[in-house]
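Enquirer:
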Amino acid sequence: MENLFIQGPAGRLEAALERPIDPGTAVAILCHPHPLYGGSMNDAVLGLVGEALAEVGVNPLRFNFRGVGASQGGFDEGRGEVDDLLAVIDWAQAQGAGIIWLAGYSFGAHIVCQALPQAPQPARLLLVAPPTAVMDMALQAPPCPLDVFAGDGDQFVDCDALNRWPGAKMHLIPGADHFFSTAAASLLEAIRQAVRP
């Protein structure tokens, strides 16, 4: 794991890369849960996403939004966090990443959706527990394959709303809450199945 800093619009962003980026390879940029509720790039659920991706040769790149950990700046209600994600995408492409995947958990999934109209077209989208019951997360037809993972006991996810998302492939995890407290193994296996070639 390589720790690094990426220049963002509000200052440097703390990041961690599974391995150096080889030209033309796939890099997945992982967005963490809500900064005001303890979310960071070290989140355990985000770690599961990274683990599953690394197994299939996609290089996970985690970063802290502005104001989290050693990232400069302060929380910006989601607006600046979208800009942070766009800056990290630009950085990864400048390092030679040929394929970009975007993944987000909870608030991070919201940021991925908000960034899509401005972002270069990703090859794949993975959204874990997108908080459709508490945030406005209308999604247009995605520009690429979209997998959504959610627990059937998650009070922050409106599954009916998710089922109306065009082109989304739903993976419902039985007995899981928003934090996958007792269902981490089930979530990991669902992600593995979804991303396996």
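Position 178 of the sequence shown, counting from 1, maps to 197 under the working numbering, and the rest follow consecutively. Each residue gets a CB set at the ideal place from its N, CA and C atoms; glycine is no exception.
1) Using a threshold of 8 Å, state whether the C-beta atoms of Leu80 and Ala47 are closer than that.
2) Near Gly117, what residues of its chain come up, given a Cβ to Cβ distance below 8 Å and the 5 sequence neighbours on each side ignored?
3) Report yes if the CB atom of Ser90 is closer than 8 Å to the CB atom of Leu135, and no otherwise.
4) Hey, how far is the Cα of Phe175 from the Cα of Glu37?
5) How would you label Gln159, buried or exposed, when you count the other beta carbons within 10 angstroms and need 16 or more for buried?
6) Assuming Met154 and His129 are in contact, meaning their beta carbons sit under 8 Å apart, how far apart are those beta carbons, in whole angstroms?
7) Spell out the partners DSSP gives Ile40 in its beta bridges.
8) Where in the region 153-198 do unbroken runs of the alpha helix (DSSP H), each at least 4 residues long, occur, reported from the N-terminal end onward?
9) Assuming Val77 and Trp120 are in contact, meaning their beta carbons sit under 8 Å apart, how far apart are those beta carbons, in whole angstroms?
10) Give me the residue from His51, Ile25, Ala71, Ile40 with the minimum Cα distance to Ala204.
Expert: So, from the listed chains and residues:
1) Position 61 of the sequence shown, counting from 1, holds the residue named residue 80. Position 28 of the sequence shown, counting from 1, holds the residue named residue 47. Against a cut-off of 8 Å, the Cβ pair of Ala47 and Leu80 comes out as a contact.
2) Taking the first residue of the sequence shown as 1, we reach residue 117 at position 98. For Gly117, the CB contacts under 8 Å within the same chain, skipping 5 residues up- and downstream, are Pro42, Gly43, Thr44, Ala45 in chain order.
3) Here residue 90 corresponds to residue number 71 of the sequence shown, with the count starting at 1. Here residue 135 corresponds to residue number 116 of the sequence shown, with the count starting at 1. For Ser90 and Leu135, no; Cβs fall outside 8 Å.
4) Here the question's residue 175 lines up with position 156 in the sequence shown. Here the question's residue 37 lines up with position 18 in the sequence shown. If I take the Cα positions, the gap works out to 30 Å.
5) Counted from its first residue, the sequence shown places residue 159 at position 140. Looking at its Cβ environment, which holds fewer than 16 other Cβ atoms inside 10 Å, Gln159 is exposed.
6) By one-based count along the sequence shown, residue 154 stands at place 135. By one-based count along the sequence shown, residue 129 stands at place 110. Going by Cβ atoms, the distance from Met154 to His129 rounds to 5 Å, so yes, they are a contact pair.
7) As a working mapping, residue 40 is identified with position 21 in the sequence shown. Its beta-bridge partners do not exist; DSSP assigns none.
8) Qualifying alpha helix (DSSP H) stretches, in chain order: 178-182.
9) Residue 77 sits at position 58 when you count from the first residue of the sequence shown. Residue 120 sits at position 101 when you count from the first residue of the sequence shown. About 6 Å separates the two Cβ atoms, so the contact holds.
10) Working through the sequence shown from its first residue, we reach residue 204 at position 185. Closest by alpha carbon: Ala71.
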